[in-house]
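Student:
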Amino acid sequence: MTQKPQVGTAIIITKDDKVLLMKRKGPHGHGTWSTPGGHLDFGETPEACAAREAKEEVGLDVVDVRFRAVTNDFFEKEGKHYITMWMDGKSTGEPAIASEREISEIGWFAWDALPGPLFLPLENLVKENSYPPK
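Below you can see the structure in the form of structure tokens.
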């Protein structure tokens, strides 16, 4: 069987020059820090997916969801390949862990003081200078 890349979305939510990150708890990326995100469902737009994932994972309603960047993320050890579509979004609410099965911690971090280790797609986004905005 031929493996094919999967499509994921991630959403960057910022407040006072800090980005919202969550520490992953599930088997994929366990112990790494990432933004809310997940798999694109059939027939769903990337913007709708990003907004849905923010609600499911950190309980936030996001608005003004807009495309930002794409990363090509190959997880060698796991044999997984993702194309991640990055979105920017705004929220006025306060985040909370909405999915204890997937997340152990959340917090706001300055771009020059990100916690580690980073989830591969976020690491690639930062390496490719796609974020933070210049």
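Numbered per the working numbering, the sequence shown spans residues 750 to 883.
Ideal placement from N, C-alpha and C gives every residue a C-beta, glycine not left out.
#1: Whole beta strand (DSSP E) runs in the region 814-881 with 3 or more residues, listed along the chain?
#2: With a threshold of 16 other CB atoms inside 10 Å of the CB of A845, please say whether the residue is buried or exposed.
#3: Would P870 and D822 qualify as a contact pair, given that the criterion is a beta-carbon distance under 8 Å?
#4: Just tell me which of L867, W860, K876 has its CA closest to the CA of K767.
#5: Taking V819 as the reference, which of D790, E802, N878 has the closest Cα?
#6: What residue range does the beta strand (DSSP E) around V768 cover?
#7: Is the Cβ-Cβ distance between I761 and R817 less than 8 Å?
#8: Taking the alpha carbon of L867 as the reference point, which residue from Q755, L769, K753 has its own alpha carbon closest?
#9: Tell me whether G778 is buried or exposed, calling it buried when 16 or more other Cβ atoms sit within 10 Å of its Cβ.
Tutor: Based on what the coordinates show:
#1: 829-839, 852-859
#2: exposed
#3: yes
#4: W860
#5: N878
#6: 767-773
#7: yes
#8: L769
#9: buried
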